[in-house]
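My numbering numbers the first residue of the sequence shown as 31 and each following residue consecutively.
Where is the CB? At the ideal position from N, CA and C, for every residue including glycine.
What follows is one structure encoded as structure tokens, with my remarks underneath.
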Amino acid sequence: MISATFSNLKQAMHLGCFPSIRIVHTSVKYAGQVYMPEINYFLMVACVLVTVSFKPTTTLGNAYGIAVVGDMIVTSTLLTLLMLMVWQTPIHFHREFHSYFHIL
């Protein structure tokens, strides 16, 4: 999650969608190895707040499960829209795909 956050923010800064912050390149040999101290600190604070707000571990586990299910629903819905609008596949594929993933 940390690496993905750093990579996404680096790309957002290059596109001009995020303000400039300090980027430390951790490797001379490998391109793309970046570290952003401010973002790392923000992620640490966010993780501590989430952990403290869900006092027993069962509620944290339940929240994680809800997040995974929500992610699967959003991803399958967006893929269905992609199939409809971009790939222009026949409608019966959409019904089968959507019903299969929502049954899970």
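Inter-residue Cα distance where the pair is residue i and residue j
i      : j      : result
Leu73  : Ser129 : 36 Å
Thr119 : Phe36  : 36 Å
Phe48  : Ala42  : 5 Å
Trp117 : Pro86  : 45 Å
His44  : Val80  : 30 Å
Residues near residue i by beta carbon distance below 8 Å, same chain, minus five either side
i     : result
Pro67 : Arg52, Val54
Leu90 : Val80, Thr81, Phe84
Terminal residues of the alpha helix (DSSP H) in which residue i lies
i     : result
Met43 : 32-45
Residue of the options minimising C-alpha distance to residue i
i     : options                     : result
Asn38 : Glu126, Val98, Tyr94, Tyr65 : Tyr65
Proximal residues to residue i (C-beta, below 7 Å), its chain only, five neighbours per side dropped
i      : result
Gly100 : none
Entirely enclosed alpha helix (DSSP H) segments - the region 46-72, minimum 4 residues: none
In chain order, each alpha helix (DSSP H) run of at least 4 residues that lies wholly inside the region 81-129: 87-112
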